[in-house]
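*Asks:* Numbering (our numbering), first residue to last: 49 to 330.
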Ligand code: PAF
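Right, dumping it as C-alpha cells:
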C-alpha cells in the first residue's frame, strides 16, 4: 500500500491500474479509521481489483464553532488499519491541495439537505457534496463506499450521483457497532468515561424502535415517543433531533408505508452523535 499526498500521484497510479484493465473502488473518509471504515475497505477490496482510501478532514463541511481543529488525526494508525483491510492507496492531501486560493465552485443540493443534520449543520452537505465530487473526479472509481451510519449523507450522495449523471456505483454498507451497541465513530473518542457509558442510550433507543417496527407498528409517532423516552431517561443526553423520514426524499413521514429511516442526533455532553435504522433492516 502506498500513501500519496497529491492529486497528480493519485491520477498516475489509477491510470496505471486502468491501463492494466483493473477495477477501482473508493472509500472516502476523514481518517481516524475504526472497524466501521475497515468494513467499507474490506467490502471494496472484495469487489474491486484496487481500493483507494481518501483520508481528508474536509474543512468546508464544518461550520463555525464545530470540531474542525480538534477532529482526531493519526495517519500512521490509519495506514495500518487501511492496509490490513486491503487498501492499495491512501490519498491524504493537505487542504491547499484540494482547495486552491481561488477555489469558488460548490455542489449545492436543495431538498434532501434541508432536513435532519442539514438543519442543525447549515452548509455541511454543500461541503460534503463538493469534496465527494472532487474525490470522484480525482479517482474516477467504479464504485464508492459509504456507511449507513451517515444515512442522510448516503441518500444525498446517491441523489447527487443521479442528478449529475455520475457514472459511479454508490454502495451503502451496514453500521458497525461496539459490543454494547454504540455505533463506531471517530467522534466517540471525545467521550469521557462517564459519557461513554451514557452513550449507549442511542443504540438502546434504536433497538426499541426496531422492535416496534418488527412487531408491525407503522405509526411513527408511537415509535419515536418510545425511543425519545429512553434517551430522555439519561441525564447526560440531549436530543438534537429524532425523526422518521422517507428513505429516498428524507422528508418526515407520519406512517411507515415506504422504506423509511429512523434517524437521531443526540448530544452526550458536548459530543454530537448520530445513529439510525432503516425500517427495511429492522
Ligand atoms: O463521512 C465522512 O467521513 C465524510 O463526510 C466524507 C464522505 C469523507 C466527506 O468528507
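For glycine and all other residues, C-beta sits at the position ideal for the given N, C-alpha and C.
1. Could you tell me which of 72, 321, 210 and 68 sits nearest to residue 230, measuring between CA atoms?
2. Over what stretch of residues does the beta strand (DSSP E) that includes residue 269 continue unbroken?
3. Look at the alpha carbon of residue 265 and the alpha carbon of residue 93, and state the distance between them as a whole number of angstroms.
4. Quick check on the DSSP output: the beta strand (DSSP E) that includes residue 225 runs from which residue to which?
5. Within 7 angstroms: the Cβ of residue 5 and any heavy atom of the ligand PAF?
6. Measure from the alpha carbon of residue 86 to the alpha carbon of each residue in 95, 272 and 75, then state which is nearest.
7. So is residue 148 buried or exposed if we call it buried at 16+ other beta carbons inside 10 Å?
8. For residue 244, does the three-state DSSP call read helix, strand or coil?
9. Return the chain-ordered list of same chain residues with a C-beta closer than 8 angstroms to the C-beta of residue 211, the five sequence neighbours on each side being excluded.
10. When we look at the beta-carbon of residue 200 and count the other beta-carbons within 10 Å, is it buried (16 or more) or exposed?
11. Mapping DSSP to helix, strand and coil, what is residue 330?
12. Got a sec: does the ligand PAF put a non-hydrogen atom nearer than 7 angstroms to the Cβ of residue 176?
13. Can the beta-carbon of residue 250 be found closer than 8 angstroms to that of residue 323?
14. Between which two residues does the alpha helix (DSSP H) harbouring residue 336 extend?
15. At a cut-off of 7 angstroms, is residue 140 close to the ligand PAF when judged by its beta-carbon and the heavy atoms of the ligand?
16. Report back the beta-carbon spacing between residue 197 and residue 233 to the nearest angstrom; my notes put them in contact at under 8 angstroms.
17. Per DSSP, what are the beta-bridge partners of residue 102 in this structure?
18. Count the CB pairs spanning the stretch 184–197 and the stretch 205–220 that are closer than 8 angstroms, and state whether there are at least three.
*Replies:* Put simply:
1. In the chain shown, the residue the question calls residue 230 occupies position 182. Answer by Cα proximity: 321.
2. As a working note, residue 269 is residue 221 in the chain shown. Not the beta strand (DSSP E): residue 269 falls in the alpha helix (DSSP H), residues 268–280.
3. Looking up residue 265 in the chain shown gives position 217. Looking up residue 93 in the chain shown gives position 45. Cα-Cα distance, rounded: 38 angstroms.
4. Position 177 of the chain shown, counting from 1, holds the residue named residue 225. Premise fails: residue 225 is in no beta strand (DSSP E) and is neither H nor E.
5. Lying before the first or after the last residue shown, residue 5 is absent from the chain, which here runs from 49 to 330.
6. Position 38 of the chain shown holds residue 86. If we check each option's Cα against that of residue 86, 75 comes out closest.
7. Counting from one through the chain shown, the residue named residue 148 turns up at place 100. Under this definition residue 148 is an exposed residue.
8. Working through the chain shown from its first residue, we reach residue 244 at position 196. Here residue 244 sits in helix by DSSP.
9. Numbered from 1 along the chain shown, position 163 holds the residue referred to as residue 211. Answer for residue 211: 157, listed in chain order.
10. On the chain shown, residue 200 is found 152 positions in, with the first residue counted as 1. Buried, by the Cβ-count rule.
11. One-based indexing of the chain shown puts residue 330 at position 282. It is coil, neither helix nor strand.
12. Taking the first residue of the chain shown as position 1, residue 176 is located at position 128. Flag set: Cβ of residue 176 near the ligand PAF.
13. Against the chain shown, residue 250 aligns to sequence position 202. Against the chain shown, residue 323 aligns to sequence position 275. In contact: residue 250 and residue 323 (Cβ atoms closer than 8 angstroms).
14. It is not possible to answer for residue 336, since the shown part of the chain is limited to 49 through 330.
15. Along the chain shown, read from residue 1 onward, the residue named residue 140 stands at position 92. Because no heavy atom of the ligand PAF lies under 7 angstroms away, the Cβ of residue 140 does not count as near it: no.
16. Residue numbering aside, residue 197 sits at position 149 when the chain shown is read from its first letter. Residue numbering aside, residue 233 sits at position 185 when the chain shown is read from its first letter. Confirmed, about 7 angstroms.
17. In the chain shown, residue 102 corresponds to position 54, counting from 1. Its beta-bridge partners are 76 and 139.
18. yes
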